[in-house]
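Below: one structure, written as structure tokens.
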Amino acid sequence: MIQYSNIHQTSNFAVLSISFEKADVETRGKFAFFDDNIKNFVTRIHDENLGDAFVVSTCNRTEIYTTSPNYLLVAEEYCKSIGVNFSDFLRFANIFTKEEALHHLFRVSAGLESQIIGDFEIIGQIKKAYARFKKERQNSNPFLERSINSAIQISKRIKNETGISNGAASVSYAAVHYILNNQKRITEKNILLLGVGEIGQNTVENLVKHVYQPSIKIANRTQEKAAKISEKYNIPNIDYNDFQKELENTDILIVATGAKTPIINKSHLKNGKEILIIDLSIPHNVDKDVSELDNVTLIDVDELSKQIQETIQQREKEIPKAEVIIKEMTKDFLEWEKKRKLAPNIHHFKAVLKNMERNEMHNFYRKNKYININDMELSEKMIQKITNRFAKYIIDNPLKAEEISKLMHEILVEQPNNEFNEKH
Numbered sequence: 001m002i003q004y005s006n007i008h009q010t011s012n013f014a015v016l017s018i019s020f021e022k023a024d025v026e027t028r029g030k031f032a033f034f035d036d037n038i039k040n041f042v043t044r045i046h047d048e049n050l051g052d053a054f055v056v057s058t059c060n061r062t063e064i065y066t067t068s069p070n071y072l073l074v075a076e077e078y079c080k081s082i083g084v085n086f087s088d089f090l091r092f093a094n095i096f097t098k099e100e101a102l103h104h105l106f107r108v109s110a111g112l113e114s115q116i117i118g119d120f121e122i123i124g125q126i127k128k129a130y131a132r133f134k135k136e137r138q139n140s141n142p143f144l145e146r147s148i149n150s151a152i153q154i155s156k157r158i159k160n161e162t163g164i165s166n167g168a169a170s171v172s173y174a175a176v177h178y179i180l181n182n183q184k185r186i187t188e189k190n191i192l193l194l195g196v197g198e199i200g201q202n203t204v205e206n207l208v209k210h211v212y213q214p215s216i217k218i219a220n221r222t223q224e225k226a227a228k229i230s231e232k233y234n235i236p237n238i239d240y241n242d243f244q245k246e247l248e249n250t251d252i253l254i255v256a257t258g259a260k261t262p263i264i265n266k267s268h269l270k271n272g273k274e275i276l277i278i279d280l281s282i283p284h285n286v287d288k289d290v291s292e293l294d295n296v297t298l299i300d301v302d303e304l305s306k307q308i309q310e311t312i313q314q315r316e317k318e319i320p321k322a323e324v325i326i327k328e329m330t331k332d333f334l335e336w337e338k339k340r341k342l343a344p345n346i347h348h349f350k351a352v353l354k355n356m357e358r359n360e361m362h363n364f365y366r367k368n369k370y371i372n373i374n375d376m377e378l379s380e381k382m383i384q385k386i387t388n389r390f391a392k393y394i395i396d397n398p399l400k401a402e403e404i405s406k407l408m409h410e411i412l413v414e415q416p417n418n419e420f421n422e423k424h
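With the UniProt record's numbering, letter number 353 in the sequence shown gets 353, and the count goes up by one each step, no holes.
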């Protein structure tokens with residue numbers, strides 16, 4: 001007897017989000033998630049049998065995505081993994097569940113929830129985050145796979161079909177935008193970029209694109225990575241051990257590292273030379289006390305976001321177009337979810353029809369010693385057509401799905417079996 005599925009409802013999907021909307025840079029830094037936390041977190045939720053979850057952590061948000069119905073327990077294990085208080089986490093977290101959670105994921109992926117509207121760097125970060133967790137977990141989750149693939153498609157469509165990303169305004173571009181507007185004779189300035197992760201690389205790309213023959217050098221703890229970026233953009237890199245010496249001749253320092261605590265402080269800036277420091281890191285990798293020095297101007301990601309309001313206003317006009325795409329793709333996703341929930345009913349119905357076909361074909365062959373290939377093809381088409389009609393009906397009427405499935409089972413399986421048993 002078929003094991004009937006439950007009446008359709010959106011999967012147990014939840015998102016717990018700490019973002020710039022409720023938390024400033026300092027607070028977001030406390031909840032930041034690093035790659036070395038992944039193994040511990042995945043092990044914790046696995047040991048507690050809490051299902052699947054992964055974490056996206058960027059300069060503007062840290063979000064837990066999970067298909068566990070016990071999403072608060074998942075969040076609690078997350079807090080234990082990074083050493084923060086669970087009650088503090090809840091103070092700043094927005095919680096979305098079921099269809100609302102799916103809608104939030106799609107809006108985030110579309111750049112609609114970014115601090116800078118239309119910043120599409122987030123979709124790449126979501127993809128990488130899920131891939132790392134999947135590798136650690138050593139399996140995939142059909143719901144998460146489908147939702148992330150849908151999010152990727154939404155991001156691509158919005159990029160191609162709207163102007164929401166016009167006038168590039170990512171955090172990395174915002175840094176270059178600030179330099180262009182606030183520094184004179186930029187080509188004469190010595191620029192030093194510390195850290196060549198994703199944001200660092202984007203910053204280099206924007207500097208090369210928007211500044212004529214910029215004087216840039218890059219430094220990174222991993223020399224091999226610095227060398228690759230150096231070769232890619234044809235700019236020099238320095239040995240990390242020579243950073244302090246190079247800093248003495250630097251006019252603009254851009255910090256895009258991923259350290260958990262500040263790595264630049266007053267002790268690095270003793271020579272009194274005027275310097276602009278742009279800290280693109282979350283949590284802060286430049287100690288705020290450097291602002292106390294008269295020769296230092298310190299800018300962080302929150303400050304940068306204020307510099308591009310004109311671009312944002314133009315992008316806001318494109319939001320309705322993006323929301324139409326999200327609505328359309330959400331409908332497609334929910335249709336897939338309905339079919340996935342009701343697939344066992346549909347497969348069982350078709351299997352019953354196929355079994356009837358085999359019996360009839362066997363009886364026909366036994367009497368006539370042949371079967372026409374055209375008859376077989378016609379029979380297959382009829383089975384598929386009847387199955388499609390059955391599938392459409394229960395998908396359109398999910399509240400009746402169990403009743404109809406049981407009725408079909410009684411008519412097509414149980415009743416013939418009872419008749420056969422009565423005869424024999």
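Every residue, glycine too, gets a C-beta built ideally from N, C-alpha and C.
Which residues does DSSP pair with residue i in a beta bridge?
i: Val-296; result: Ile-275
i: Glu-63; result: Ser-17, Val-56
i: Ala-219; result: Leu-194
i: Asn-237; result: Ile-218
i: Val-286; result: Ile-264
Would a C-beta distance cut-off of 8 Å place residue i and residue j closer than the cut-off?
i: Lys-60; j: Ser-114; result: Residue identity check: residue 60 is Asn in the sequence provided, not Lys. Contact flag set, yes.
i: Val-286; j: Leu-269; result: no
i: Ile-325; j: Arg-157; result: yes
i: Ser-150; j: Asp-119; result: no
i: Asn-206; j: Val-255; result: no
i: Glu-136; j: Lys-260; result: no
i: Leu-180; j: Ile-186; result: yes
i: Ser-174; j: Ser-57; result: Checking the sequence shown, residue 174 turns out to be Ala, not Ser. No; because the gap between Cβ atoms is not below 8 Å, this pair is not in contact.
i: Asn-295; j: Glu-274; result: yes
i: Phe-133; j: Phe-34; result: no
i: Leu-412; j: Val-352; result: yes
i: Phe-106; j: Phe-13; result: no
i: Gly-111; j: Ile-282; result: no
i: Ala-75; j: Ile-64; result: yes
i: Asn-166; j: Arg-389; result: no
i: His-284; j: Asp-302; result: no
i: Ile-312; j: Ile-116; result: yes
i: Asp-52; j: Thr-67; result: yes
Within its chain, find whatever has a CB closer than 6 Å to the CB of residue i; leave out the 5 residues flanking it on each side and keep chain order.
i: Lys-321; result: Thr-162
i: Phe-96; result: Val-15, His-104
i: Phe-333; result: Ser-150
i: Ile-235; result: Ile-216
i: Leu-276; result: Ile-252, Thr-297
i: Asn-202; result: Ser-172
i: Ile-18; result: Phe-31, Thr-62, Phe-92, Ala-93
Return the first residue and the last residue of the alpha helix (DSSP H) that residue i is part of.
i: Ile-404; result: 401-409
i: residue 436; result: Nothing about residue 436 can be reported from this structure: the residues present for the chain run from 1 to 424 only.
i: Ala-131; result: 121-137
i: Arg-28; result: 25-30
i: Tyr-370; result: It is not in any alpha helix (DSSP H) - Tyr-370 carries neither H nor E in the DSSP assignment.
i: Asp-302; result: 301-305
i: Lys-245; result: 243-247
With respect to the beta strand (DSSP E) encompassing residue i, which residues constitute its N-terminal and C-terminal limits?
i: Phe-96; result: 94-97
i: Glu-253; result: Position check: residue 253 holds Leu in this sequence, whereas Glu was assumed. Unbroken beta strand (DSSP E) run through Leu-253: 252-255.
CB-CB under 8 Å to residue i, same chain, minus the five flanking residues each way: which ones, in chain order?
i: Ser-109; result: Ile-122, Ile-123, Ile-126, Ala-151, Ile-152, Ile-154, Ser-155
i: Glu-246; result: Leu-192, Lys-217, Ala-219, Ile-238
i: Lys-385; result: none
i: Gln-3; result: Note that Gln-3 scores 41 on pLDDT, short of 50, meaning its location in the model is unreliable; the coordinates nonetheless yield the value given after this. Closer than 8 Å at the Cβ level, and outside the excluded window around Gln-3, lie Pro-344.
i: Ala-23; result: Phe-31, Phe-92
- [ ] Evaluate contact between the stretch 38-51 and the stretch 94-109, counting only Cβ atoms and requiring at least three cross-stretch pairs below 8 Å.
- [x] In short, these stretches do not touch, since the Cβ pair count stays below three.
Task: Stretch pair the stretch 186-204 + the stretch 212-225: three plus CB contacts closer than 8 Å - done: The stretch 186-204 makes contact with the stretch 212-225, as at least three CB pairs between them are under 8 Å.
Task: Cβ contact check for the stretch 374-392 and the stretch 349-362: 3 or more pairs under 8 Å - done: Touching, yes, given that three or more Cβ pairs across the two stretches are closer than 8 Å.
Task: the stretch 396-410 contacting the stretch 341-355, beta-carbon criterion three pairs below 8 Å - done: Enough Cβ pairs lie closer than 8 Å, so yes.
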